[in-house]
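**Q** In the UniProt record's numbering, the protein residues as written are 1 to 235.
The C-beta atom is built at its ideal place from N, Cα and C for all residues, glycine as well.
Input: one structure, supplied below.
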């Protein structure tokens, strides 16, 4: 492998590590192994509370980042019905609770169908979306109100994997296009069910043809580097 000429690889990002933090860790290990600094970027941010596939591009392959971001992605998401949080996930505590007595498996199966196809979605205000040059999450954390505009996103598939009527927890598999926020989908699904919802877990399981099985283990990246043949030429 020649990381200077450009390589595309995937790591399985752990829980509670930002995409930038994961990238910085890999860049440090790569630079140490190569004996010089290496250019590296990622193709599609994952929230710190999400796990799964993070595509990394090195050297000249960083030019492919934009095109890679358009690849279809698959997620497996856990949702808690009957409550919401400010960030639509577990980053914040519950701010409102809602009735759930009317929610059945049949209602969930019926409701998720309306989110398939091209839909209008408002991104979470706790996100990296820029507002007047500032990140939306930074404005929110500074106590400012933020209003984001809806945008068109494409959802190819939604499958209900599990539903527990006792705890009102559910698991869905989502196949979607660029720019889709699964946190916003959870928010909107909760509203469509006449209740509320937020993400309890999120795992990106596929990007294009890349699956979890294709990923390098984040905690053993240094050991993986020792197992591959590396071309140190920088041409």
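Enumerated in chain order, which unbroken segments of the beta strand (DSSP E) with a length of 3 residues or greater are wholly contained in the region 158-192?
**A** Here the runs fully enclosed are 169-176.
**Q** Helix or strand or just coil, what does DSSP make of residue 137?
**A** Three-state result, residue 137: helix.
**Q** Could I get the ranges of all uninterrupted alpha helix (DSSP H) runs contained in the region 65-97, with 4 residues as the minimum, in chain order?
**A** For the region 65-97, whole alpha helix (DSSP H) runs of length 4 or above, ordered along the chain, are 65-68.
**Q** Does DSSP put residue 61 in a helix, a strand or coil?
**A** Looking at residue 61 - three-state DSSP - the assignment turns out to be helix.
**Q** Taking the C-alpha atoms as reference points, what is the distance between residue 87 and residue 191?
**A** Straight-line Cα distance between these residues: approximately 15 Å.
**Q** Evaluate contact between the region 170-180 and the region 13-26, counting only Cβ atoms and requiring at least three cross-stretch pairs below 8 Å.
**A** Touching, no, given that fewer than three Cβ pairs across the two stretches are closer than 8 Å.
**Q** Quick check: the Cα distance between residue 52 and residue 205, rounded to an integer number of angstroms?
**A** Straight-line Cα distance between these residues: approximately 6 Å.
**Q** Going by C-alpha to C-alpha distance, which of 71, 104 and 24 sits closest to residue 82?
**A** The residue with the shortest Cα to Cα distance from residue 82 is 104.
**Q** Looking at residue 179 and residue 153, is the spacing between their C-beta atoms short of 7 Å?
**A** It is a contact, given that the beta carbons lie within the stated cut-off.
**Q** Applying the 10 Å Cβ sphere with the 16-neighbour rule, what's the burial state of residue 142?
**A** The residue is exposed, with fewer than 16 neighbouring Cβ atoms inside 10 Å.
**Q** Taking 6 Å as the limit between beta carbons, can you name the residues of its chain near residue 29, skipping five residues before and five after?
**A** For residue 29, where only same-chain residues beyond five positions count, the Cβ hits under 6 Å are 221 and 222.
**Q** When we look at the beta-carbon of residue 124 and count the other beta-carbons within 10 Å, is it buried (16 or more) or exposed?
**A** The residue in question, residue 124, is buried, as its Cβ has 16 or more Cβ neighbours within 10 Å.
**Q** Considering only DSSP beta bridges, list what residue 13 is partnered with.
**A** Answer is 52.
**Q** Any contact between the region 65-76 and the region 102-122? By contact I mean 3 or more CB pairs, one from each, below 8 Å.
**A** The region 65-76, when compared against the region 102-122, does not touch it at the 8 Å Cβ threshold.
**Q** Going by the beta-carbon positions, is the gap between residue 197 and residue 46 smaller than 7 Å?
**A** No, the pair does not count as a contact, with Cβ atoms beyond the cut-off.
**Q** Identify the continuous beta strand (DSSP E) that holds residue 207 and give its terminal residues.
**A** Counting along the chain, the beta strand (DSSP E) containing residue 207 begins and ends at 197-207.
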